[in-house]
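Engineer:
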Amino acid sequence: MAGALLQVPGPGGERSRELLRHGSLQVKVYSPVGSDLQSPHSRDEGYVVMRGTGIFVSDAGRDSVEPGDLLFAPAGVAHQFEDFSEDFAVWVFFYGPEGGERAA
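Structure follows, in C-alpha cells:
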C-alpha cells in the first residue's frame, strides 16, 4: 500500500495512477484533494478505502466510509466522494465490458 501511495500525486499532479492492467481488469490508486471531480465511468467500478474517511455519494444514497470499506459504482452512474479527510485514498478496480456487466 505504501508504494502505491507514493505514486500520487503523479508528475503532472494526477490524483490517480494505474498500477496494474490484466484483461479487462484495471487497478488504480486514487487520492482526491479538495473536491472529487469524477464523471460517470463507462465500466463497472469497485473501490476499497485504503486510508482516511469520507462520504460516498451515488444514486444509492450517501454512505460514510472508512478504511476497509468496499464500494461499487455501476457503469454510467454518477458518484463521488465528499467531506473526505486530507489523507483519503482508495484502491480503484475497473472491470468488465464498456457499459458494464448485466445484472444476474
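Residue 1 is where the sequence shown starts when you use my numbering, and the numbers rise one by one after that. Heads up, the beta-carbon is just placed ideally off N, CA and C, and yes, glycines get one too.
Mind pulling the beta strand (DSSP E) runs of 3 or more residues that sit fully within the segment 59-104?
Structural biologist: Listed in chain order, they are 61-65, 70-73, 79-82, 89-95.
Engineer: Would you kindly work out how many angstroms separate the C-alpha atoms of Tyr95 and Arg43, rounded to a whole number?
Structural biologist: Those two C-alpha atoms are separated by around 6 Å.
Engineer: Compute the Euclidean distance between the alpha carbons of Gly68 and Tyr30, then round it to the nearest angstrom.
Structural biologist: Approximately 15 Å between the Cα atoms of the pair.
Engineer: Report, in whole angstroms, the separation of the C-beta atoms of Phe81 and Gly54, which I expect to be a contact under 8 Å.
Structural biologist: The pair is a contact, with the Cβ atoms about 5 Å apart (cut-off 8 Å).
Engineer: Which complete beta strand (DSSP E) runs does the segment 17-56 hold, if anything under 3 residues is left out?
Structural biologist: Correct list: 25-30, 44-51.
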